[in-house]
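Residue numbers (our numbering): 898 to 1308. Here's the structure we're looking at; comments come further down.
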DNA sequence: TGTCCACTGGAACGTACGGCTT
DNA sequence: AAGCCGTACGTTCCAGTGGACA
């Protein structure tokens, strides 16, 4: 065996004991056997969906609650078992959970539903109503119940309106053999008001609100997972309660609590320490924040990056307030320097709003009286981070030293 | 108190592209 | 091959507007 530069690192993985017993258990997507503090919700959903086992169509349902309050996991938990019991007694129950962040247009929803009933359709090319007809025909070809769960439904509605929802709420009147039930999950509490009234009333036959967990409940949840996820004695006392407390600070977000614990342990393992300490948890909070920003920034389209870089350039200047007017001037200059075709102010404004939705910039519409109405813009992530990530881009690299000073002298 | 700035943001439309049906 | 269709990205047009200032 020759000496390899990685020997020292790999040996450490082989020889020193691992912190993790089962890494998977610590991911938010894992469905444990027990879901602490969600008994009521599980019972509620179980009673509602359970009628599927008796040939009745379950009521349509609306589940509300903030991120990380267990809406998705409770749905998965209940449907997983429902599917099992239905199979045991030979009932035809099809369950489909659609994440509307990915499945975010009418067409994609229908394409997905076609898939689960066994009808193959191309991912583009067909008129939506044709896809709907094919779905309906295939579904109704035998006696079966389809339960569709729309996770983060507001993301679908945001882009495509109520069309598919409207069709699906009315589909049962046309079906002869099959039946459809809908479960809608959203974390936007005001979302229901924005729905078409006909859709709204038919979707909210039953409603359930998921309340945020408190710190003590989060601690139970983490404790439960830690038993299966970690080897004995690797967590210093206080680590779990710190994760719970930090996640409970904003609202009781179990996903965040779990991420904190997992990342803290990963950090400990990477620096080949044998125990996870509170210091690791503190580091984990920073790392998680950095990762989400990085992910968002890297995948931005070129034009959006240039718009964001304009914000960055203006933040670096000694301008007190950044308005869309100045921003567009800088943007045009940047386009000239990078030889990119500039988009119109209207479009640039939309991109800015998208950045704001992603939480990368702050925007606020303000009126300056005589001096018109505009939007105040500022970065809501650290300028250094924006720079570090954006200069990786081929176009931004060309203007990495660009300053706005000469433009501002004119004011 | 009315005016009017510098925008905002909705709506309709254009273009390129992949992919269907006939 | 022609005629559609959905999606993504963009443009053009323009009515609407908050509030400082004359």
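Quick reminder that beta carbons are idealized off the backbone N, C-alpha and C, glycines included.
query: Going by alpha carbons, who is nearest to residue 1142 out of 1110, 1127, 983 and 1122?
result: It is 1110.
query: Within the chosen definition, does the segment 948-957 reach the segment 983-993 through at least 3 CB pairs nearer than 8 angstroms?
result: As far as the Cβ criterion goes, the segment 948-957 touches the segment 983-993, which means the pair count is three or higher.
- request: Would you be able to state if there are at least three C-beta pairs under 8 angstroms between the segment 1177-1192 and the segment 1207-1219?
  value: Judged by Cβ distances under 8 angstroms, the segment 1207-1219 makes no contact with the segment 1177-1192, as fewer than three pairs qualify.
- request: Flag this pair as yes or no: are the beta carbons of residue 1082 and residue 1235 separated by less than 8 angstroms?
  value: No. Outside cutoff.
field: Spatial distance of residue 946 from residue 1259 (CA atoms)
entry: The alpha-carbon atoms of residue 946 and residue 1259 are separated by roughly 42 angstroms.
query: Exposed or buried, which one is residue 1019 when buried takes at least 16 other CB atoms within 10 Å?
result: Residue environment for residue 1019: exposed (fewer than 16 other C-beta atoms within 10 angstroms of its C-beta).
query: Which term fits residue 1308, buried or exposed, when burial requires 16 or more other beta carbons within 10 angstroms of its beta carbon?
result: Note that residue 1308 has pLDDT 43, beneath the 50 cutoff, so the model's placement of it is unreliable and the number below is only indicative. In summary, residue 1308 is exposed, with fewer than 16 beta-carbon neighbours lying within 10 Å of its beta-carbon over all protein chains present.
message: Restricting to Cα atoms, I'd like to know which of 1099, 981 and 937 is closest to residue 1079.
response: Of all alpha-carbon atoms in 1099, 981 and 937, the one lying nearest the alpha-carbon of residue 1079 is that of 1099.
task: Work out the CA separation of residue 912 and residue 904 for me, nearest whole Å.
output: Cα-Cα distance, rounded: 12 angstroms.
field: Check whether residue 918 and residue 1156 have beta carbons under 8 angstroms apart
entry: Taking 8 angstroms as the Cβ cut-off, residue 918 and residue 1156 do not qualify as a contacting pair.
- prompt: So what does DSSP say about residue 1045, is it helix, strand or coil?
  reply: In the structure shown, residue 1045 adopts extended strand secondary structure according to DSSP, grouped into three states.
message: Measuring straight from C-alpha to C-alpha, what distance separates residue 1232 and residue 1273?
response: Residue 1232 and residue 1273 have their alpha carbons spaced roughly 22 angstroms apart.
- prompt: residue 1254 by DSSP, collapsed to three states: which one?
  reply: In the three-state scheme derived from DSSP, where H, G and I count as helix and E and B as strand, residue 1254 is classed as helix.
message: If you measure between the beta carbons of residue 1045 and residue 1014, is that distance less than 8 angstroms?
response: The Cβ-Cβ distance between residue 1045 and residue 1014 does not fall below 8 angstroms.
task: Output the residue ranges of the beta strand (DSSP E) runs that lie fully inside the segment 1137-1218 and measure 3 residues or longer, sorted by chain position.
output: Here no run is fully enclosed.
message: Does residue 1033 pass the burial test, meaning 16 or more other C-beta atoms within 10 Å, or should it be called exposed?
response: Residue 1033 comes out buried.
- prompt: In three-state DSSP terms, what is residue 1294?
  reply: Of the three classes helix, strand and coil, the one that applies to residue 1294 here is helix, per DSSP.
- prompt: Can you list, in chain order, the residues of its chain whose CB lies under 8 angstroms from that of residue 1119, leaving out five sequence neighbours each side?
  reply: 1137, 1140, 1141, 1154, 1155 and 1158, listed in sequence order.
- request: Could you work out which residue in 1160, 1130, 1208 and 1244 is closest to residue 1227 when comparing CA atoms only?
  value: Nearest option by C-alpha distance: 1208.
message: Judging by CA-CA distance, which residue of 1135, 1005 and 978 is the nearest neighbour of residue 992?
response: Here the closest residue by C-alpha is 978.
query: What span of residues does the alpha helix (DSSP H) with residue 1005 cover, start to end?
result: Segment 1003-1014, the alpha helix (DSSP H) holding residue 1005.
message: So for residue 972, helix, strand or coil by DSSP?
response: Of the three classes helix, strand and coil, the one that applies to residue 972 here is helix, per DSSP.
task: Hey, could you find the ends of the alpha helix (DSSP H) residue 1121 is sitting in?
output: Note, residue 1121: alpha helix (DSSP H), 1112-1126.
- prompt: Which residues in the same chain have their Cβ closer than 7 angstroms to the Cβ of residue 1245, if we skip the five residues on either side of it in sequence?
  reply: Result list for residue 1245: 1204, 1225 and 1228, in chain order.
- request: Identify whether residue 1273 lies in helix, strand or coil by the three-state DSSP scheme.
  value: Residue 1273 falls in the strand class under three-state DSSP.
message: So residue 1165 and residue 916 are supposed to be a Cβ contact under 8 angstroms. How far apart are they, rounded?
response: Going by Cβ atoms, the distance from residue 1165 to residue 916 rounds to 6 angstroms, so yes, they are a contact pair.
task: Identify which residue in 1302, 1221, 1286 and 936 has its Cα closest to the Cα of residue 1264.
output: Closest option to residue 1264, Cα to Cα, is 1221.
message: So for residue 1068, helix, strand or coil by DSSP?
response: Here DSSP, grouped into helix, strand and coil, assigns residue 1068 to helix.
query: In terms of alpha-carbon separation, which member of 900, 935 and 1275 lies closest to residue 1117?
result: Of the listed residues, the one whose Cα sits closest to residue 1117 is 935.
message: Within 10 Å of its beta-carbon, does residue 1024 have 16 or more other beta-carbons around it, so buried, or fewer, so exposed?
response: Under this definition residue 1024 is an exposed residue.
query: Do you know how far the Cα of residue 1001 is from the Cα of residue 956?
result: Distance between the alpha carbons of residue 956 and residue 1001 is about 24 angstroms.
message: Once DSSP output is grouped into helix, strand and coil, what is the label at residue 962?
response: If DSSP states are grouped into helix, strand and coil, residue 962 belongs with the strands.
query: Which stretch, first to last residue, makes up the beta strand (DSSP E) that contains residue 1107?
result: Residue 1107: member of the beta strand (DSSP E) spanning 1103-1107, first to last residue.
query: How big is the Cα-Cα spacing for residue 1201 and residue 1152?
result: A direct Cα-Cα distance of roughly 29 angstroms separates residue 1201 from residue 1152.
task: Measure the alpha-carbon distance for residue 1037 versus residue 1069 and round it to whole angstroms.
output: A straight-line Cα-Cα distance of about 10 angstroms links residue 1037 and residue 1069.
field: Cut-off 6 angstroms between Cβ atoms - residues of its own chain near residue 1010, not counting five sequence neighbours on either side
entry: The residues are 1032.
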